[in-house]
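For reference, the structure is listed below as structure tokens.
Printed below as a string of structure tokens:
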């Protein structure tokens, strides 16, 4: 936008008055230069980390801490050109409700270094923190003279949802999707977009509303309707893309406090899998020890303390494309009671159109029972297993599997 170009020119100490007196050739050269620097180099930067099972930030090895510190140092230097501030957020095991960012700033971290590094220390030294998220902002929508409003937060059912975004999406398109072309404003009335003191969102304040918050509100509207994060994300992203928005403008990291959901255009975000953590960055650290891999076009990557799950071609705007069916994703919650001496129950949480096979194995790997569930599983469902016949006291393994995924856990049977 013109405002972005003006601010970048000022940042580079290039006067617009001087530009008016340049030769046409020089003007073309500077225009091409501006076109180049307003591409990803001057787009918002995202960072996120999830440490793996059994760890929190303080308990990972010194080597892993150094790697994360390098990522945040690179993030710090990238902020020099991010004129609209930075923010950091942490999720911890001790609380899931009403999580708020550690810090929001309206200045580049390089101009705010003490506050930035104190916030980094607060993030990585908190004893129960296992997810970190960061955002560097160059405003392309809404108010820009405010502390960085990313990560955007949404609170529901005791959980703190968040979103950080790189790209620009038409607010009018998002408004029409959320309100069904202006016929139903109830969701926005219940969850009013922020205007940062600029007045009501229905009136003059609309100019201060940021597109990224509307993206979060639309995603949460679909999660509320479907009762499932993955299917809600899929439905929301499909409809946004069907309006002509390209995935390169929808590079997002979304979290429900347990998982990181990464989506975007080809190489819009990059992921590295380390021994004790998984990292996501828009612009990976150049001096890092990790092997970074860019995401595929319209790919969803789900990251949690168990590792990484990838869903290529997560969305499609073609009505007859088979990839529009729900992806396979499920999680087996801890079985209970455990130990048990009668029957044991477990909950599968997720969505799949594939049949789910349940296998029971002895600790020696011998299959002792099997049953199947239909292929229309969505949301939370409870299942039980009751040993029939001669089952000796001991440890057994429950395995739930589809053609793509396997979940296992140990159970203890006591006669």
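Residue numbers (the UniProt record's numbering): 1 to 415. From the three backbone atoms N, C-alpha and C, an ideal C-beta is built for every residue, glycine too.
CA-to-CA distance, residue j to residue i, given in whole angstroms
i: residue 223; j: residue 341; result: 38 angstroms
i: residue 165; j: residue 301; result: 15 angstroms
i: residue 385; j: residue 77; result: 55 angstroms
i: residue 29; j: residue 120; result: With a pLDDT of only 41 at residue 29, under the threshold of 50, the placement of this residue in the model should not be trusted; the figure read from the coordinates follows. If you take the alpha carbons of residue 29 and residue 120, they lie about 40 angstroms apart.
i: residue 160; j: residue 261; result: 14 angstroms
i: residue 64; j: residue 51; result: 10 angstroms
i: residue 344; j: residue 395; result: 13 angstroms
i: residue 290; j: residue 75; result: 15 angstroms
i: residue 203; j: residue 122; result: 39 angstroms
i: residue 41; j: residue 136; result: Per-residue confidence for residue 41 stands at a pLDDT of 44, beneath the threshold of 50, marking its modelled position as unreliable; the derived number appears in the next sentence. The alpha-carbon atoms of residue 41 and residue 136 are separated by roughly 12 angstroms.
i: residue 35; j: residue 268; result: Low local confidence applies: a pLDDT of 39 at residue 35 is under 50, so the model's placement there is unreliable, and no value is given.
i: residue 258; j: residue 304; result: 6 angstroms
i: residue 199; j: residue 205; result: 4 angstroms
i: residue 99; j: residue 255; result: 12 angstroms
i: residue 221; j: residue 167; result: 21 angstroms
i: residue 227; j: residue 236; result: 13 angstroms
i: residue 38; j: residue 201; result: Residue placement at residue 38 is poorly supported in this model, since its pLDDT is 36, which falls under 50; the coordinates are not used for a value here.
i: residue 266; j: residue 310; result: 14 angstroms
i: residue 157; j: residue 390; result: 43 angstroms
i: residue 286; j: residue 339; result: 49 angstroms
i: residue 105; j: residue 84; result: 8 angstroms
i: residue 82; j: residue 116; result: 14 angstroms
i: residue 23; j: residue 219; result: Only weak support exists for where residue 23 lies, its pLDDT of 45 falling under 50; the coordinates are left without a value.
i: residue 370; j: residue 400; result: 10 angstroms
i: residue 414; j: residue 393; result: 5 angstroms
i: residue 97; j: residue 367; result: 41 angstroms
i: residue 321; j: residue 405; result: With a pLDDT of 40 at residue 321, under the threshold of 50, the modelled position of that residue is not reliable, and no figure is offered here.
i: residue 103; j: residue 387; result: 53 angstroms
i: residue 55; j: residue 131; result: 11 angstroms
i: residue 231; j: residue 306; result: 21 angstroms
i: residue 53; j: residue 69; result: 20 angstroms
i: residue 186; j: residue 211; result: 18 angstroms
i: residue 67; j: residue 294; result: 19 angstroms
i: residue 234; j: residue 365; result: 37 angstroms
i: residue 337; j: residue 280; result: 37 angstroms
Residue i at chain C interface by Cβ criterion, 8 angstroms
i: residue 386; result: Annotation note: the requested chain C is absent from the structure, which comprises a single protein chain.
Whole-number beta carbon distance between residue j and residue i, since they are thought to touch under 8 angstroms
i: residue 71; j: residue 110; result: Incorrect: roughly 16 angstroms between the Cβ atoms, too far for contact.
i: residue 134; j: residue 163; result: Contact flag wrong, Cβ pair sits at about 13 angstroms.
i: residue 247; j: residue 297; result: 6 angstroms
i: residue 188; j: residue 240; result: At roughly 16 angstroms, the Cβ-Cβ gap does not stay under 8 angstroms, so residue 188 and residue 240 are not in contact.
i: residue 335; j: residue 249; result: 43 angstroms between Cβ atoms; not a contact.
Beta-carbon proximity check, residue i vs residue j, cutoff 8 angstroms
i: residue 140; j: residue 171; result: no
i: residue 358; j: residue 382; result: no
i: residue 421; j: residue 146; result: One cannot answer for residue 421 here, as it falls past the ends of the chain, which runs 1 to 415.
i: residue 173; j: residue 43; result: no
i: residue 292; j: residue 308; result: no
i: residue 209; j: residue 193; result: yes
i: residue 411; j: residue 315; result: no
i: residue 356; j: residue 402; result: yes
i: residue 148; j: residue 86; result: yes
i: residue 252; j: residue 244; result: no
i: residue 214; j: residue 175; result: yes
i: residue 363; j: residue 398; result: no
i: residue 349; j: residue 333; result: yes
i: residue 299; j: residue 312; result: yes
Spell out a yes or no on whether the stretch 173 to 187 and the stretch 139 to 153 are touching, meaning 3 or more CB-CB pairs, one atom from each, closer than 8 angstroms.
Not touching, per the Cβ criterion.
Does the structure place the stretch 125 to 133 close enough to the stretch 86 to 97 that three or more beta carbon pairs sit under 8 angstroms?
Output reads yes: the stretch 125 to 133 touches the stretch 86 to 97.
May I have a chain-ordered list of the alpha helix (DSSP H) segments no shorter than 4 residues that lie completely inside the stretch 179 to 227?
Segments of the alpha helix (DSSP H) lying fully in the stretch 179 to 227: 186 to 190 and 211 to 226.
Would you be able to state if there are at least three C-beta pairs under 8 angstroms between the stretch 97 to 113 and the stretch 44 to 58?
Taking a cut-off of 8 angstroms on C-beta distances, the stretch 44 to 58 does not touch the stretch 97 to 113, as fewer than three cross pairs fall below it.
Three or more C-beta pairs below 8 angstroms linking the stretch 273 to 280 and the stretch 53 to 66:
Counting Cβ pairs under 8 angstroms, three or more are found: they touch.
Quick one: which unbroken alpha helix (DSSP H) runs of 4-plus residues sit fully inside the stretch 45 to 83? Chain order, please.
Counting only runs of 4 or more, we get 62 to 78.
As an exercise, report each continuous beta strand (DSSP E) stretch of at least 3 residues that is fully enclosed by the stretch 230 to 293, in chain order.
Runs of the beta strand (DSSP E) inside the stretch 230 to 293: 251 to 255, 260 to 264, 270 to 273 and 277 to 281.
Pick out the complete beta strand (DSSP E) segments inside the stretch 92 to 177, 3 residues or longer, and give them in chain order.
Scanning the stretch 92 to 177 from its first residue to its last, the whole beta strand (DSSP E) runs of 3-plus residues come out as 103 to 105, 129 to 136, 152 to 156 and 159 to 166.
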